[in-house]
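Residue numbers (this note's numbering): 3 to 283.
Some notes on the structure that comes next.
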Ligand code: PAF
């Protein structure tokens, strides 16, 4: 497993591999890896001959009041987790490497970035799209793997990849969950034991909505009421959003009469957890 610590080394590696006719698959991460990331890495192998994992806590996708400084980091542990998986290269740039002095060009995603997390985290998807484009360019990847847990992120990246004709295959990987249903996330490490127990409400309320749909309820206000009813009134919990949107456009629906997604962001203590569930009428 090669360790590439700057943009020039990454580009040189990518050029060498491309010249040898090898297809490169990228797994972009912000590190502090868990089994969800490792599942993306294992899936990557099926899409090309070389797998590169990037580890970069991207400052431009964090708002001024968000957890950039506190975001969990443990590079040595990450490298130890990746080594047995047959990863070919790990790209660990410094911020100044991806955003050199004078950096002033961003990708601004359109409508797909407006609702849900985009409405609550202004500029978040601009930062995500920008860094993902930079990573696509530096790694020369032919394919890249993203988790479905970040459903809106996946939609924004697919749109950007198509609109800017990047020629990268976007591979979506199903959300990897803990045995009690909580979606794996690096931010789960912030939760205290009590908060961790409360966090299972996130998948449970989505399950409640799916169950209500399965029993014939199609009106979105009724489905959302079922979801709200699954949330106890506790001071540690603050619902940031619970919405049911069209699975393609992410526009709000009044009736689930086409493929839809129930998306939730719940703050447990001080940790904001997101999750989503596909709803098929
Ligand atoms: O999903 C993430 O971890 C990040 O948003 C990504 C795609 C690595 C970009 O920083």
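Positions of the beta carbon are idealized from the N, C-alpha and C atoms, including for glycine.
- Residue 39 carries a helical assignment under DSSP once its states are collapsed to helix, strand and coil.
- Cβ neighbours of residue 119 within its own chain (closer than 7 angstroms, five residues either side excluded): 126, 154, 267, 276.
- For residue 134, the shortest C-beta to heavy atom distance toward ligand 1 is below 7 angstroms.
- When secondary structure is reduced to three states using DSSP, residue 130 falls in the helix class.
- Residue 30 is bridged by DSSP to 56.
- Under the three-state reduction of DSSP, residue 105 is assigned to coil, being neither helix nor strand.
- For residue 175, the beta-bridge partners assigned by DSSP are 149.
- Going by DSSP, residue 240 is part of the beta strand (DSSP E) stretching over 239-248.
- Beyond the five residues adjoining it in sequence on each side, residue 89 comes within less than 7 angstroms, by CB distance, of 3, 43, 53, 55 in the same chain, given in chain order.
- Non-local C-beta neighbours of residue 264 in its own chain, meaning closer than 6 angstroms and more than five positions away in sequence, comprise 208, 211, 246, 279, 281, ordered along the chain.
- Only residues of its own chain outside the window of five on either side were considered, and among them 172 have a CB closer than 7 angstroms to the CB of residue 160, listed in chain order.
- If you check the CB distance, residue 158 and residue 100 do not come in under 8 angstroms.
- Of the other Cβ atoms in all chains shown, fewer than 16 fall within 10 Å of the Cβ of residue 250; this residue is therefore exposed.
- Of all C-beta pairs linking the region 25-38 to the region 181-190, three or more are shorter than 8 angstroms, placing the two stretches in contact.
- Taken through DSSP and simplified to helix, strand or coil, residue 282 comes out as coil.
- Shown here, residue 224 sits in a helix according to DSSP, grouped into three states.
- Using a Cβ distance threshold of 8 angstroms, residue 226 and residue 270 do not count as a contacting pair.
- The distance from the Cβ of residue 233 to that of residue 203 is about 6 angstroms, consistent with a contact at the 8 angstroms cut-off.
- For residue 62, the closest of 135, 5, 76, 112 by C-alpha to C-alpha distance is 135.
- Of the heavy atoms belonging to ligand 1, none sits nearer than 7 angstroms to the Cβ of residue 204.
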